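Right, one structure below, let's go through it.
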Amino acid sequence: MLASRVPRSRRLPSAALLCGGIVWGLIWYPYRVIEAAGMGGVTATFITYALAFLFGLIPLWPVLRRTRPSLWLVALALAAAGTNLGYVLGALDGEVMRVLLLFYLSPLWTVLLSRLLLGERLSRVGAGVIALSLAGAVVMLWRPELGLPWPQGSAEWMGLGAGICFAGVNVMVRRTAHIAIEQKVMAVFLGVIAVAPFAAWLRGESPLSEIAAIGPETWAVLIILGGVLVVVNLVVQYGITFVSANAAIALFLFELVVAALSSWWLAGEAMGVKEWVGGAMIIAASLFSGHLEPAQVARDTSGRDREAALFK
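Quick note: the sequence shown, position 10, residue 304 per the numbering used here, numbers continuous.
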């Protein structure tokens, strides 16, 4: 099992999160290719996560059959559904970098949820993270002619909501350290599968007709994405399990670099001065969040040592 031993250093979990950041910084593009072929974003997300669930079912079955009912798993599944659907739809409908920067207000929500669910105290640095995150959002979003600095359009609201859900996933993965990583990954897939049909109905998509209309090339992209999702979710949840909730956000920031380059190269998108300044403030807040509560993290890690022993 992936969580049977706590790693001696943070290098491997940190590398896992960096790899996850690379994949998530690029994954918006295949979904745009699929959308251009005539399939809606929710339908594509549903199919790729259903394929990921099927791909993971057989190799992970020895662990999955020991799954016990847990409200934390249900909460994790729903938060993951909000994260993934919001991320994909926001990136499809809006400017990738603006959506991602709103997504990466996550440190603000992570600090608050870490206090609520993990008991991690809010230090002065934590308060600074909140202030800097909010200030960055205001700089990026404020337009005098539009009044208050709220996200503009549904895509940006979805990016913001996905970031809140992502903070919840980040914290709940650590809160459920006694549950096998493989079980949590499959819960993530099931959450998206369960919520996607309702989201498709809200967006007016017709999954059956869209599935019937796509060609073999689109199916090939969907199948590859399904396989990638299995691997990246296992890798990322391994990393989150052994890295503090706040530090994980800092490592995920590499996704912004990848997304900025890929959105410029593949979609011709560019950011203005306000977006760069506000984005830099949000990134700085995320980097500071990696230094929160080292003592608490150490205590959590020792607790995970005991919990991980249950799976040996």
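C-beta atoms are modelled at their ideal positions from N, C-alpha and C, and glycine is treated no differently.
As the structure is a computational prediction, the values presented were derived from the model and not from experiment.
| query | result |
| --- | --- |
| Of the listed residues Val419, Leu372, Trp451, Glu476, nearest to Ile352 (C-alpha basis) | Glu476 |
| Same chain, Cβ closer than 6 Å to Ile375, neighbours up to 5 away in sequence not counted | Going by the sequence as given, residue 375 is Ala instead of Ile. The answer, listed in chain order, is Gly485, Val486, Val489. |
| Alpha carbon of Ala371 to alpha carbon of Thr377, nearest angstrom | 10 Å |
| Cβ neighbour criterion (16 or more within 10 Å) applied to Gln446 | exposed |
| Among Trp570, Val571, Leu555, Val522, nearest to Gly314 - alpha-carbon criterion | Val522 |
| Sequence-distant residues of the same chain with beta carbon closer than 8 Å to Gly509, five excluded per side | Ala331 |
| Environment of Pro307 [buried if 16+ CB atoms lie within 10 Å] | buried |
| Opening and closing residue of the alpha helix (DSSP H) in which Leu306 lies | 305-320 |
| Contact check, Leu406 vs Ile576, beta carbons under 8 Å | no |
| Under 8 Å between C-beta atoms of Leu519 and Thr342 | yes |
| Cα-Cα separation between Ile458 and Tyr398, rounded to whole angstroms | 9 Å |
| Cβ neighbour criterion (16 or more within 10 Å) applied to Gly380 | buried |
| Those runs of the beta strand (DSSP E) which lie wholly inside the stretch 370-403 and span at least 3 residues | none |
| Own chain partners of Ala564 with C-beta closer than 7 Å, once the 5 adjacent residues on each side are dropped | Trp558 |
| Where Met333 falls: helix, strand or coil (DSSP) | coil |
| Beta-carbon gap between Ala553 and Pro401 smaller than 8 Å | no |
| Cβ shell of Val524 (< 7 Å), same chain only, five flanking positions each side left out | Ala346, Phe349, Gly350 |
| Trp322 to Val419 span [Cα, whole Å] | 33 Å |
| Own chain residues within Cβ distance below 6 Å of Gly533, not counting five before or after | Pro307, Ala310, Leu311 |
| Expected contact under 8 Å - CB spacing of Met480 and Leu354 to nearest Å | 7 Å |
| C-beta contact flag for Arg304 and Val526 at 8 Å | no |
| Separation of Trp451 from Asp387, as counted between CA atoms | 11 Å |
| Classification of Trp444 by the beta-carbon crowding that lies within 10 angstroms, buried from 16 upward | exposed |
| Burial state of Ser408 (16 or more Cβ within 10 Å) | buried |
| Ser427 versus Arg497 - alpha carbon distance | 31 Å |
| Trp403 versus Arg469 - alpha carbon distance | 15 Å |
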